[in-house]
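Residue numbers (the numbering used here): 258 to 386.
Report on one structure; see the data block that follows.
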Amino acid sequence: MNRIIILNEELESQMRMYLALSDRYRVDIAEDEANLMRMIRRKKPKLVLIDANFSGFNNNGKSIYKIIQKIKRKYQDLKIITILNGEDSRMLDRIHEIGSDGVLLRPVDEESVTHSVSCVMNHFESALN
């Protein structure tokens, strides 16, 4: 069973994502960037869902762009879906340029989560074959 790690600050949408995905995937929740990087190294997920507005990035002077670049540099095959607020759509082009494989816009619902994850995972599986 493929593993997914979620780093998301908003508890309600985090639980929606977890419930939407836990039937088909092993889902883990990261608490912060350090925990996320440790979980990626140890658990070897196929996909990471990252909240672009996670306050831990801003508090440490980092941006979602730097985090995605760091992950992609170390784990080229790991797929990333970036979670954006609906009004952050101007970030879309930049997010894709730096290596995000997909975007999930808030408000998050079960259908959008499963659709985004399926698209990215199916693309990943077909690239391996």
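No residue lacks a Cβ here, since even glycine has one placed at the ideal position from N, Cα and C.
This one's a predicted model, so the numbers in the text were calculated from it and none came from an experiment.
Using the C-alpha atoms, what's the distance from residue j back to residue i?
i           : j           : result
residue 385 : residue 333 : Residue placement at residue 385 cannot be trusted, given a pLDDT of 46 that sits under 50; what the coordinates show is reported in the next sentence. Distance between the alpha carbons of residue 385 and residue 333: 13 Å.
residue 313 : residue 322 : 14 Å
residue 301 : residue 264 : 15 Å
residue 269 : residue 364 : 10 Å
residue 292 : residue 307 : 13 Å
residue 372 : residue 279 : 14 Å
residue 356 : residue 267 : 23 Å
residue 319 : residue 309 : 11 Å
Compare the C-beta of residue i with all C-beta atoms of chain C and state if any pair is closer than 7 Å.
i           : result
residue 271 : Absence of chain C from the displayed structure is noted, only one protein chain being present.
Grouping DSSP H, G and I as helix and E and B as strand, with all else coil, what is residue i?
i           : result
residue 351 : helix
residue 365 : coil
residue 281 : coil
residue 309 : coil
Residues bridged to residue i by DSSP?
i           : result
residue 360 : 339
residue 261 : 284, 304
So, at 7 Å on beta carbons, what are the nonlocal neighbours of residue i in its own chain, with the 5 sequence-adjacent residues on each side left out?
i           : result
residue 288 : none
residue 352 : 339, 360
residue 377 : 304, 336, 338, 358, 359
residue 294 : none
Quick one: residues in its chain with C-beta nearer than 8 Å to the C-beta of residue i, no 5 flanking neighbours on either side, listed in chain order?
i           : result
residue 285 : 260, 261, 262, 263, 296, 300, 302
Can you check whether the CB of residue j is closer than 7 Å to the CB of residue i?
i           : j           : result
residue 354 : residue 277 : no
With a threshold of 6 Å on Cβ separation, who are the neighbours of residue i within its own chain once the five nearest residues in sequence on each side are excluded?
i           : result
residue 275 : 284
residue 370 : 274, 277
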